[in-house]
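For reference, the structure is listed below as C-alpha cells.
Residue numbers (the working numbering), protein chains in the order written: chain A, 104 to 218; chain B, 9 to 123.
This is the structure we're talking about:
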C-alpha cells in the first residue's frame, strides 16, 4: 500500500525567505508524485507533478520539487516566499497506470508567511 | 470552458439521515473521483467512476455509494450518516479512466456537517 508522510504540519517563514516543505513516500513501484495547494474554502490546485521524466520538476508560482528515489522524497521548495503563498500544501502519490487519479494524500502542511 | 462545480456548497444533516452530493465535471472530462477531507487532514480517496461504472474504491463502507450519468456528472450518496462523516467532500474530474499523465481538476467542495 502507498503512503505519504509530510513532516511538519505547520511551517512558518518570513517573506522573502526560502520555503521548504517535506514529503516522503512509500510505494512498491516507482510512483507518480504531486504537490497540490489549497487556499481557505477552496478546492485543490495542482502545483507540479513528477511522472518519471526529469527528477527536478518546475511548477507554477515559482515552486519546484526534486524526486530523490534513494531518499524516497519529493520535497517542495521556493527560493523566496511571498505573502500570497500562505496556504495548505498537500503531497500526493499514485500508481503510474492511474496517472493523476486515485491519489493518496499526505496530511498536509500549513505554510504561514510573516511580513 | 467551465471547471468542476459541486453542489450544494454547505449542508447540515442529522445523524442517521441520507445525503446526496452533486458534481459536474469539467468540459471534455469523462472520469470523476470523490474524496473526503476531514478537518485538519488530507483528502482520502472514496471512489472513482469512468464511463458510468465504479473502477476504483478506497477504504470506505458500502453506505458510501455513487453514480455517474451519461453527461459524466456524478453523485455521491451517503446513507445512515454518522458524526464522523462531517467533512469537506471534494470531486475531481479528468479526461481518461486511467491513462498516464492524467491530471485531475478539483471542485470547491461541499462542506457536510452531521449533527
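We treat Cβ as the ideally placed atom computed from N, Cα and C, and that holds for glycine.
These numbers come from a predicted model, not from an experiment.
For a contact meaning CB atoms closer than 7 Å, what does residue 105 of chain A contact in chain B? Per Cβ cutoff of 7 Å: no residues; residue 105 of chain A is ~11 Å from chain B at best.
**Q.** Pair within 8 Å by beta-carbon distance, residue 170 of chain A and residue 152 of chain A
**A.** no
- prompt: For residue 87 of chain B, which residues of its own chain have a beta-carbon under 7 Å away from its beta-carbon, when the five flanking residues on both sides are left out?
  reply: 26, 71
Next item on the list: Count the other CB atoms, across all protein chains shown, that sit within 10 Å of the CB of residue 142 of chain A; report buried if there are 16 or more and exposed otherwise.
Entry: exposed
query = Can you give, in chain order, each stretch of the beta strand (DSSP E) that sits fully within the region 162-201 of chain A and has at least 3 residues?
reply = Whole beta strand (DSSP E) segments, 3+ residues: 167-171, 176-181, 190-197.
| request: Inspect the beta-carbon positions of residue 216 of chain A and residue 140 of chain A and report whether they are closer than 8 Å. | output: no
Contacts that residue 208 of chain A makes with chain B (C-beta to C-beta distance below 9 Å):
43, 45, 49, 50, 51, 52, 53
Rounded separation between residue 114 of chain A and residue 211 of chain A - CA only
11 Å
Within 8 Å, do at least three Cβ pairs link the region 79-98 of chain B to the region 45-59 of chain B? yes
Report the start-end ranges of each beta strand (DSSP E) in the region 15-61 of chain B that is 3 residues or longer and not cut off at the edges.
18-21, 27-32, 39-45, 52-58
Which residues, taken in chain order from the region 54-71 of chain B, show a beta carbon closer than 7 Å to some beta carbon of chain A? Hits within the stretch, in order: 56, 64.
Review point. What first and last residue would you give for the beta strand (DSSP E) that runs through residue 72 of chain B?
Key: 72-76
For the beta strand (DSSP E) containing residue 83 of chain B, name the first residue and the last one. 82-86
Practice prompt. Give the residues of chain B in contact with residue 225 of chain A, contact being defined as C-beta atoms less than 9 Å apart.
Written response: As displayed, chain A neither begins before 104 nor continues past 218, which places residue 225 of chain A out of reach and without an answer.
TODO: Identify the continuous beta strand (DSSP E) that holds residue 102 of chain B and give its terminal residues.
DONE: 95-102
**Prompt:** Under a CB-based cut-off of 8 Å, is residue 117 of chain B close to chain A?
**Reply:** yes
**Report entry** residue 91 of chain B in three-state terms, based on DSSP
**Finding:** DSSP, reduced to helix, strand and coil, places residue 91 of chain B within a helical segment of the structure shown.
*asked:* Tell me the residue span of the beta strand (DSSP E) that contains residue 205 of chain A.
replied: Segment: none, residue 205 of chain A is in no beta strand (DSSP E) and carries neither H nor E.
inquiry  = Give me the residue from A:179, A:104, A:197 with the minimum Cα distance to residue 125 of chain A.
reply    = A:179
**Message:** Excluding the 5 residues flanking residue 37 of chain B on each side, which residues of the same chain have their C-beta closer than 7 Å to its C-beta?
**Reply:** 80, 101, 102, 103
Quiz item: Where does the unbroken beta strand (DSSP E) through residue 79 of chain B begin, and where does it stop?
Solution: Careful: residue 79 of chain B lies outside any beta strand (DSSP E) and carries neither H nor E.
By DSSP, does residue 110 of chain A sit in helix, in strand, or in coil? Here residue 110 of chain A carries a coil assignment [DSSP, helix/strand/coil].
Figure out for me which residue from A:111, A:107, A:131 has the closest Cα to the Cα of residue 213 of chain A. A:111
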